[in-house]
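Student:
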Amino acid sequence: MSNKHRSKLQEMDSSLKTRICNQIFKVKVDIQSASENDASFTLDYEDGRYRQNELVGLIRDAVPFFALTEDEIATIDKSDWNRNSFTRISDANRKSKGDYGELLLFLILSIFYDIPKFVTKARLRSTTREQIKGFDCAHFSISNSKVTLWLGEAKFHQNISGAISSALKSIKEHLNDSERIKSELRLLGGEIELNKQLENEKYELLKSYVTGGRSLNKVDIAVPVLCTYDSKCIKEFSGDIDSDIDSDDFKEKIGLELEENFKKIYSKSWPKRSNIKIVFFIVPLESVSDLKESIELVENAMKF
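For our numbering, count along the sequence shown from 1 and bump the result up by 831.
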């Protein structure tokens, strides 16, 4: 990759990161029923309007970074980024649009936790034309020369109970079968992307965890689970010109709603392994169906 292309890509990353941080916010309330690593994210209001339309624009501009590899972004003409990336995303029906839940998970891990992807799952999936193949994301972090693989699930649902049930089914299928996990790691190991965040030393370390023959018990895996839903609290504050996600009133009401939802999560029996931790990200929205419809309009336009 040339220095010119690398500089251009860093500039795009910086611009996109600024917009993400100005449009998606971590909910700052204490949730007793959540674990210390769990979190909730939402949008804010402008003149009483919950800013879902801005999220659609953000998703539109983030799709190339989600669906294309860094080398592809560097070599494909910028005018073709959207067409190539939107075409790559699977043609799920409007009620599913699961790839965009995965995109939200990609943004949260990449921006809020600085945990980059090491395989572009949308590219991998497009080679098989399957809507679902293994985990929904493949990210990694390194701390004290130890790698943690972040292999996650995203449930882009209107109903939180449905999202939780669907996530539980997927997680059990993945984590209760060691051979399935190892098969997934072998697949990912052949697809690791060398990019600006993955120097050769990190590449070799990461590969040793993915395909280096380690006991699965010695591979630390984090499973981020993202669940969206239609929030009564978000809707209640829509229409009030002074609505503010930092207000005490909003924090109190969204806190009560999230408390109940995390209780629902932890009332379930999730798979347990000493080397695997499950982390939950809840994303309350005003209307998931409206968001999917708006995304579909953008998707259809961007393919041509």
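Heads up, the beta-carbon is just placed ideally off N, CA and C, and yes, glycines get one too. Computed from a prediction, not measured in an experiment: that's the story for all the values here.
Mind the definition here: the segment 896-903 touches the segment 873-881 only if three or more C-beta pairs lie below 8 Å; say whether that holds.
Tutor: In short, these stretches do not touch, since the Cβ pair count stays below three.
Student: What is the DSSP secondary structure of THR918, reduced to helix, strand or coil?
Tutor: Counting from 1 along the sequence shown, the entry for residue 918 is found at position 87. If DSSP states are grouped into helix, strand and coil, THR918 belongs with the helices.
Student: Does the Cβ of ASN853 have 16 or more other Cβ atoms within 10 Å, making it buried, or fewer, making it exposed?
Tutor: Walking along the sequence shown from the start, residue 853 turns up at place 22. It is exposed - the Cβ of ASN853 has fewer than 16 other Cβ atoms within 10 Å.
Student: Using only the alpha-carbon positions, how far apart do ALA994 and SER1001 sit?
Tutor: Position 163 of the sequence shown, counting from 1, holds the residue named residue 994. Position 170 of the sequence shown, counting from 1, holds the residue named residue 1001. Cα to Cα, ALA994 sits roughly 11 Å from SER1001.
Student: My parser needs the alpha helix (DSSP H) runs of 4 or more residues fully inside the segment 867-895; what are they?
Tutor: For the segment 867-895, not a single whole alpha helix (DSSP H) run of length 4 or above is found.
Student: Could you tell me the distance, in whole angstroms, from the CA atom of TYR1069 to the CA atom of ALA865?
Tutor: Locating residue 1069 in the sequence shown gives position 238, counting from the first residue. Locating residue 865 in the sequence shown gives position 34, counting from the first residue. Here the sequence assigns Ser to residue 1069, which means Tyr is not the residue at that position. Going by the C-alpha atoms only, they are around 26 Å apart.
Student: Suppose you measure from the CA of PHE1112 to the CA of ILE973; what does that come to, to the nearest Å?
Tutor: By 1-based counting over the sequence shown, the position of residue 1112 is 281. By 1-based counting over the sequence shown, the position of residue 973 is 142. Each residue's alpha carbon lies about 21 Å from the other.
Student: Can you tell me the Cα-Cα spacing of GLU1024 and ARG1017, whole angstroms?
Tutor: On the sequence shown, position 193 is the one that residue 1024 refers to. On the sequence shown, position 186 is the one that residue 1017 refers to. Computed Cα separation, rounded: 14 Å.
Student: In the DSSP output, which residue or residues are listed as bridge partners for SER974?
Tutor: Taking the sequence shown and counting its residues from 1, the one referred to as residue 974 is at position 143. DSSP output for SER974 lists LYS977 as bridge partner(s).
Student: Where does LEU982 fall in DSSP's three states?
Tutor: Your numbering for residue 982 matches position 151 in the sequence shown. Three-state DSSP puts LEU982 in a strand.
Student: Could you pull out every residue in the same chain whose Cβ sits closer than 7 Å to the Cβ of ILE1107, ignoring the five residues on either side in sequence?
Tutor: Your numbering for residue 1107 matches position 276 in the sequence shown. These residues qualify, in order along the chain: LEU1006, ILE1052, VAL1054.
Student: Mind checking which residues open and close the beta strand (DSSP E) that includes ASP1061?
Tutor: Working through the sequence shown from its first residue, we reach residue 1061 at position 230. From DSSP, the beta strand (DSSP E) with ASP1061 extends over 1051-1061.
Student: List the DSSP bridge partners of PRO1115.
Tutor: In the sequence shown, counting from the first residue as 1, residue 1115 sits at position 284. In the DSSP output, where bridge partners are listed per residue, PRO1115 has TYR1060.
Student: With a CB to CB cut of under 8 Å and the five nearest residues on each side skipped, what residues in its chain are close to SER833?
Tutor: Stepping through the sequence shown from its first residue, residue 833 is reached at position 2. Note on SER833: pLDDT 45, under 50, position unreliable in the model; no value is reported.
Student: Quick one: what's got a C-beta closer than 7 Å to PHE917's C-beta in the same chain, skipping five residues either side?
Tutor: Translated into positions along the sequence shown, residue 917 becomes position 86. Once the five neighbours on either side are set aside, the close Cβ partners of PHE917 are VAL894, GLU1130, MET1133, LYS1134.
Student: Starting from the Cα of TYR1060, find the closest Cα among LYS1013, ARG891, ILE1085 and give me that residue.
Tutor: Here residue 1060 corresponds to residue number 229 of the sequence shown, with the count starting at 1. When only C-alpha atoms are compared, the closest one is ILE1085.
Student: Which class does LYS1103 belong to by DSSP, given the choice of helix, strand or coil?
Tutor: One-based indexing of the sequence shown puts residue 1103 at position 272. LYS1103: coil per DSSP, three-state reduction.
Student: For a test of the three-state rule: what should DSSP assign to PHE949, helix, strand or coil?
Tutor: Taking the sequence shown and counting its residues from 1, the one referred to as residue 949 is at position 118. If DSSP states are grouped into helix, strand and coil, PHE949 belongs with coil.
Student: Where does ALA998 sit, in a helix, a strand or coil, going by DSSP?
Tutor: Start at 1 with the first residue of the sequence shown, and residue 998 comes out as number 167. Helix, per DSSP.
Student: How is LYS857 classed by DSSP in three states: helix, strand or coil?
Tutor: Position 26 of the sequence shown, counted from the start, is the residue given in the question as residue 857. Strand at LYS857.
Student: Do LEU936 and ILE855 have their C-beta atoms within less than 8 Å of each other?
Tutor: The sequence position of residue 936 within the sequence shown is 105, counting from 1. The sequence position of residue 855 within the sequence shown is 24, counting from 1. Going by C-beta atoms, LEU936 is not nearer than 8 Å to ILE855.
Student: Apart from the five residues on each side of it in sequence, which residues of its chain come closer than 6 Å, Cβ to Cβ, to PHE1093?
Tutor: Against the sequence shown, residue 1093 aligns to sequence position 262. Counting only Cβ-Cβ distances below 6 Å, and skipping sequence neighbours, we find ILE862, SER864, ALA865.
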